[in-house]
Amino acid sequence: MTTCSICNESEIKYKCPKCSFPYCSLPCWKIHQSQCETVNDNNTTTFKGVKEPLNPPEPSPNVIYVNGRIPSLAEEALPSESLLESIVEDPSIKNLIESNAELLHIMKELVNLDREEEGSVPLKTLDAIQQQRLHNPSFEKLASMILEKYYAQK
């Protein structure tokens, strides 16, 4: 037998239609109703005085903070200058960029965006690259070729 969370006396018979909070009677429901709030921004239900919503929020796909701190790039994770130069000078990559005016324009915009950013992790540039990869097939082809060359030489 589970007792009512409001009066702690009677057996649970009902659940709140907004948040599924268990209660036993009309008087307990009225007490609960005064504490139950629907938050309009994400349609979750909370109680006054309770800090967390009953429905846990969806995890963000773009979490960039770890323990409240901005991450930094480890130097050993970055490719060497010589490796980058060999990839950039590869004839197939140069040919793809030079034969596609849109790709050339995108690359220039990304370089400018990277120059404008401050901090050790270029978050806006990384986001722009990801958006291009998702929505631009020719950029995705270029990115795949670069990554292929990178992993082949590593």
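Residue numbers (UniProt numbering): 1 to 154. Glycine included, C-beta positions come from ideal geometry on N, C-alpha and C. Note that the coordinates shown come from a computational prediction; the quantities given were computed from them, not determined experimentally.
Counting Cβ pairs closer than 8 angstroms, one from the segment 98-113 and one from the segment 126-146, do we hit at least three?
With the cut-off at 8 angstroms, the segment 98-113 and the segment 126-146 touch.
Answer yes or no: do Ser5 and Phe21 have a C-beta to C-beta separation smaller than 8 angstroms?
By the CB criterion at 8 angstroms, Ser5 and Phe21 fall inside the cutoff.
With DSSP as the reference, label Glu89 as helix, strand or coil.
Coil, per DSSP.
Flag this pair as yes or no: are the beta carbons of Ile87 and Tyr150 separated by less than 8 angstroms?
Cβ distance < 8 angstroms, so Ile87 and Tyr150 count as in contact.
Just how far apart, CA to CA, sit Gln132 and Asn8?
Between Gln132 and Asn8, the C-alpha separation is close to 57 angstroms.
Ser138 and Glu102 look like a contact to me (Cβ under 8 angstroms); what is the Cβ gap, rounded to whole Å?
A Cβ-Cβ separation of about 7 angstroms places Ser138 in contact with Glu102 under the 8 angstroms criterion.
With DSSP collapsed to three states, give me the class of Cys28.
In this structure, DSSP gives Cys28 a helical state, which the three-state scheme calls helix.
Should Leu147 go down as buried or exposed, given a rule of 16 or more other Cβ atoms within 10 Å for buried?
Exposed: under 16 other Cβ atoms inside 10 Å.
Going by the DSSP bridge assignment, what does Thr3 pair with across the sheet?
As DSSP reads the structure, Thr3 sits in a beta bridge with Glu11.
How many Å lie between Lys94 and Asn100 at the Cα?
One C-alpha to the other measures close to 10 angstroms.
If I follow the unbroken alpha helix (DSSP H) through Ser108, where does it start and stop?
The question names Ser, yet the displayed sequence has Lys at residue 108. Start and end: Ala101 to Glu116.
Indicate the three-state DSSP secondary structure (helix, strand or coil) for Ser82 in the structure shown.
In the three-state scheme derived from DSSP, where H, G and I count as helix and E and B as strand, Ser82 is classed as helix.
Beta-carbon proximity of Cys36 to Lys13, cut-off 8 angstroms:
By the CB criterion at 8 angstroms, Cys36 and Lys13 fall outside the cutoff.
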